[in-house]
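Here the structure comes first, spelled out in C-alpha cells, and everything after it is commentary.
Chains as they are written, first to last, in our numbering: chain E, -3 to 280; chain Z, 205 to 498.
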C-alpha cells in the first residue's frame, strides 16, 4: 500500500447513483403530477371557493345538541367494543400462527436439532408448516383492513361483525409477525437448562419460553389495541359499524357541524384509550 | 441511530423493548380481571355472539365468498386496469408524501422547543416575559396545527377533500399530504428537539447567528433522519393510497370499490394481488434507499 498517496485512498469511486436517482425522481414527479391530476387552482376557482366556504362555515359551531350526542353514544361504544373483540380475535389468530412461524420453535434451534437430525421427511414437513404459517400471516397483514372490512361486509352483511373480522384478520397478521419476533428474541440459556433437566417440549415452552415473552406480548398487544380503536372508528365508512358510519352519513348529508362533533368525540376517545393503555403498560 | 427510537405509529411494527419486570400477584390479577371485564362488556354490546361467529353458517358464508374469488381474472382488460390503478396509487402516495414533506418542513421549525424559545440558543437572552411569551405564540400555533392534521384520519380527510375538489386522485393526494404532514411534523419535531448540542455550542462560540446555527449546526444533523422517516411514511402511504379510493379518491381502491360493489369477485382478487405486489416492491425500494441514506 502506498502511504504517500492519501488522495487516492480518499477518492471515492464515481457513482452513478445520484444521477440515476435524480433522473428517476424527476420522472416519477412529473409523471405522478399528471396521473394524480394535481390541480391546485381548484381552490381559487369560484366553485372550489364556494365549497370551501360552505364547509368551513358549516362546521361551526359543532352540533352539541343532546339529541345528536345521544345518537352518537351507541356508535362510540360500539367502536370500542369492535376494537376489543377484534384485538382478541387477532390474538387468537396471531398466537398460533406466530408460534408455527417462529423459526426457532418450528424447524431449528435446540428444541429440534436432535429430533430432526437425519429425518429429512420430518424436516420437510416442518418447513412446509412453517412457510404456510408465515405466508398466511403475510397475506393477512398486507391486505389493508379496509379491504378486508369491505369484503366481509359483502360476505356477512352490514354491522359491527365485519369490522371485528377485518380487524381480527389484519391485526392478527401483524401480531403474529411480532409474536414470532418476540419468541425468537428470548434468552435461550434457560431453555437449554430445562432441556438438560429432561423437561419435555411443552414444559420447556411453558416454563422457559412463555414467561420470558409474556411482558412484551401484553405490551405489544395493548399497543395494537390503541391502533384498533382508531381503525374501528373509521371502518364504518365502508359499512362496518361504529362511528365511521355516522361520519359517512353526516358527510353525505352535508351536515358539517355534525362531522366536527364526531371528530371531537373521536379525538377524546383516542386520547383516553392512549392514556389508559399507556398506564397499563407502565404497570406491567 | 434512527432505529434507536422506534417509530410509534400504528402502521409500523416497532420492535419489542425487551424489558421484563416482576410484578406482584395482585397487580397481575387486577390487570387480568380488568381485561376479562372489558371483554365481557364488549362481547355483550357488539351484537355479536362468538358461537354465531364460529358457527358453520358464517364459515360457510365466508367460504362461499372465498370460492367466488378464484380463479383471479387475468384477462387483458383487467390487467390493464389493475396496472393503471397501481401506477395511480403510486402517483398518489408519491405526490402526497412530497406535499406532506413540504408542509411539515414549513411548520416544524416553529414546533421545536429548542429552536423557538428555550435551551441553548436562548439561554443568554434576558428573561423578559413578553419576549418569551411572543415566541410561545408561533410554537403553540404550530403544535396545534400539526395535532389537528394528525388527529383526523386520512380516510376522513379524503371524504372532506372529495367534497371540496370532486372525485378522482387529487383529493387522495391532498388527504395523504395533509394527514402525513401532521405525522411527519411530530416525528421531525422530536428529531429536532434531541439534536446533539455540541456542534451548536461550538458554532455559537465562533459567533454564528441563529440562522447560521440552524443551517450549519442543526440541519446537517437531522437530515438523514428526516429522509429516513419520510421513506417510512411513504411505505405507509402506499398502503393507505391503495384504499383511499373506497371513499372516492382514486387509485386501486376505486377499482376495488367498483369490483366489490358490482360483485366482480375474480377481478377483485386480481386487484388485491396488485396491492400485494406494489406494497412488497415499495417496501424493498424504501428499505434500499434508507440503507443508502443512513
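Ideal Cβ placement from N, Cα and C applies to all residues, glycine included.
Using the rule of at least 16 other Cβ atoms within 10 Å of the residue's Cβ for burial, across every protein chain shown, is residue i buried or exposed?
i                     : result
residue 492 (chain Z) : exposed
residue 279 (chain Z) : exposed
residue 103 (chain E) : buried
residue 37 (chain E)  : exposed
residue 207 (chain E) : exposed
residue 390 (chain Z) : buried
residue 196 (chain E) : exposed
residue 294 (chain Z) : buried
residue 247 (chain E) : buried
residue 495 (chain Z) : exposed
residue 285 (chain Z) : buried
residue 358 (chain Z) : buried
residue 259 (chain Z) : exposed
residue 231 (chain Z) : exposed
residue 352 (chain Z) : exposed
residue 141 (chain E) : buried
residue 15 (chain E)  : exposed
residue 268 (chain Z) : exposed
residue 116 (chain E) : exposed
residue 271 (chain E) : exposed
residue 202 (chain E) : exposed
residue 46 (chain E)  : exposed
Please list the partners that residue i has in chain E, where partner means a Cβ-to-Cβ separation under 7 Å.
i                     : result
residue 543 (chain Z) : Within the shown structure, residues of chain Z are numbered from 205 to 498, placing residue 543 (chain Z) beyond reach of any answer.
residue 355 (chain Z) : 263
residue 446 (chain Z) : 140
At the level of alpha carbons, what is the spacing between residue i and residue j?
i                     : j                     : result
residue 112 (chain E) : residue 118 (chain E) : 7 Å
residue 137 (chain E) : residue 168 (chain E) : 7 Å
residue 86 (chain E)  : residue 69 (chain E)  : 26 Å
residue 245 (chain Z) : residue 77 (chain E)  : 8 Å
residue 181 (chain E) : residue 61 (chain E)  : 53 Å
residue 480 (chain Z) : residue 289 (chain Z) : 13 Å
residue 236 (chain E) : residue 367 (chain Z) : 22 Å
residue 416 (chain Z) : residue 312 (chain Z) : 18 Å
residue 97 (chain E)  : residue 131 (chain E) : 9 Å
residue 105 (chain E) : residue 185 (chain E) : 12 Å
residue 368 (chain E) : residue 127 (chain E) : Nothing can be reported for residue 368 (chain E), as the shown portion of chain E is limited to -3 through 280.
residue 95 (chain E)  : residue 82 (chain E)  : 20 Å
residue 334 (chain Z) : residue 398 (chain Z) : 26 Å
residue 25 (chain E)  : residue 306 (chain Z) : 14 Å
residue 154 (chain E) : residue 467 (chain Z) : 16 Å
residue 316 (chain Z) : residue 149 (chain E) : 44 Å
residue 239 (chain E) : residue 79 (chain E)  : 12 Å
residue 304 (chain Z) : residue 433 (chain Z) : 12 Å
residue 211 (chain Z) : residue 426 (chain Z) : With a pLDDT of 46 at residue 211 (chain Z), under the threshold of 50, the predicted position of this residue should be treated as unreliable, and no value is reported.
residue 234 (chain Z) : residue 458 (chain Z) : 47 Å
residue 4 (chain E)   : residue 13 (chain E)  : Any reading at residue 4 (chain E) needs caution, since the residue's pLDDT is 49, under 50, leaving its predicted position unreliable; the model's value is listed next. Straight-line Cα distance between these residues: approximately 21 Å.
residue 189 (chain E) : residue 199 (chain E) : 12 Å
Taking residue i as the query, report the chain Z residues whose CB atoms sit under 7 Å from its CB, ordered along the chain.
i                     : result
residue 151 (chain E) : 265, 266, 269
residue 29 (chain E)  : 299
residue 35 (chain E)  : 374
residue 165 (chain E) : In chain order: nothing, as chain Z lies at least about 10 Å away.
residue 185 (chain E) : The contacting residues do not exist; residue 185 (chain E) stays about 15 Å from chain Z at best.
residue 276 (chain E) : 235
By the criterion of Cβ-Cβ separation under 9 Å, what are the contact partners of residue i in chain Z?
i                     : result
residue 279 (chain E) : 227, 231, 234, 235
Under 8 Å between beta-carbons, which chain Z residues line up against residue i? List them in chain order, please.
i                     : result
residue 297 (chain E) : Lying before the first or after the last residue shown, residue 297 (chain E) is absent from chain E, which here runs from -3 to 280.
residue 146 (chain E) : 450, 460, 461, 464
residue 249 (chain E) : Neighbours of residue 249 (chain E) on chain Z: none; closest Cβ ~11 Å, over 8 Å.
If the cut is a Cβ gap below 9 Å, which residues of chain E does residue i touch?
i                     : result
residue 443 (chain Z) : 138, 140
residue 314 (chain Z) : Correct list: empty, because the minimum Cβ distance to chain E is about 22 Å.
Taking Cβ-Cβ distances shorter than 8 Å, what residues in chain E pair up with residue i?
i                     : result
residue 292 (chain Z) : 31, 32
Practice task
Count the C-beta pairs between the region 436 to 450 of chain Z and the region 404 to 422 of chain Z that are closer than 8 Å, then say yes if the count reaches three, no if not.
Solution key: No: fewer than three Cβ pairs fall under 8 Å.
Exercise for the section: Please go through the region 117 to 159 of chain E and give each complete alpha helix (DSSP H) segment of 4 or more residues, from N-terminal end onward. Expected result: Taking only runs of at least 4 residues, the alpha helix (DSSP H) segments lying wholly in the region 117 to 159 of chain E are 141 to 152.
Exercise for the section: Kindly provide the ranges of any alpha helix (DSSP H) runs that are 4 or more residues long and lie completely inside the region 201 to 269 of chain E, ordered along the chain. Expected result: The region 201 to 269 of chain E contains, as complete alpha helix (DSSP H) runs of 4+ residues, the segments 206 to 231, 239 to 248 (chain order).
Handout entry: Every unbroken beta strand (DSSP E) inside the region 376 to 424 of chain Z [3 residues or more]
Key = Segments of the beta strand (DSSP E) lying fully in the region 376 to 424 of chain Z: there are none.
Problem - Within the region 7 to 86 of chain E, ranges of the alpha helix (DSSP H) (whole runs, at least 4 residues) - result: You should have 13 to 31, 42 to 55.
Exercise for the section: Could you say if the region 38 to 46 of chain E and the region 114 to 128 of chain E meet the contact criterion of at least three C-beta pairs nearer than 8 Å? Expected result: As far as the Cβ criterion goes, the region 38 to 46 of chain E does not touch the region 114 to 128 of chain E, which means the pair count is below three.
Practice task
Ignoring anything shorter than 4 residues or poking outside the region 227 to 301 of chain Z, list the alpha helix (DSSP H) runs there in chain order.
Solution key: You should have 229 to 249, 254 to 257, 260 to 273.
Problem - Three CB pairs or more closer than 8 Å across the region 153 to 171 of chain E and the region 79 to 96 of chain E - result: Under the Cβ criterion (8 Å, minimum of three pairs), the region 153 to 171 of chain E counts as touching the region 79 to 96 of chain E.
Practice task
Would you check if there are 3 or more beta carbon pairs closer than 8 Å linking the region 392 to 411 of chain Z to the region 480 to 490 of chain Z?
Solution key: No, they do not touch.
Exercise for the section: For the region 258 to 274 of chain Z and the region 9 to 19 of chain E, state whether three or more C-beta atom pairs, one from each stretch, are separated by less than 8 Å. Expected result: Judged by pairs of C-beta atoms under 8 Å, the region 258 to 274 of chain Z does not touch the region 9 to 19 of chain E, as fewer than three such pairs exist.
Practice task
May I ask you to verify whether the region 263 to 276 of chain E touches the region 386 to 400 of chain Z, counting CB pairs closer than 8 Å and requiring at least 3?
Solution key: Of all C-beta pairs linking the region 263 to 276 of chain E to the region 386 to 400 of chain Z, fewer than three are shorter than 8 Å, placing the two stretches out of contact.
Handout entry: Cβ contact (3+ pairs, closer than 8 Å) linking the region 20 to 33 of chain E and the region 363 to 381 of chain Z
Key = A contact between stretches requires three or more CB pairs, one per stretch, nearer than 8 Å, and the region 20 to 33 of chain E meets this requirement with the region 363 to 381 of chain Z.
Exercise for the section: Inspect the CB distances between the region 52 to 60 of chain E and the region 253 to 265 of chain E and report whether three or more fall short of 8 Å. Expected result: The region 52 to 60 of chain E, when compared against the region 253 to 265 of chain E, does touch it at the 8 Å Cβ threshold.
Practice task
Any chance you could list the alpha helix (DSSP H) runs of at least 4 consecutive residues sitting entirely within the region 410 to 496 of chain Z, in chain order?
Solution key: Entirely contained in the region 410 to 496 of chain Z, the alpha helix (DSSP H) runs reaching 4 residues are, in chain order, 414 to 417, 423 to 448, 456 to 465.
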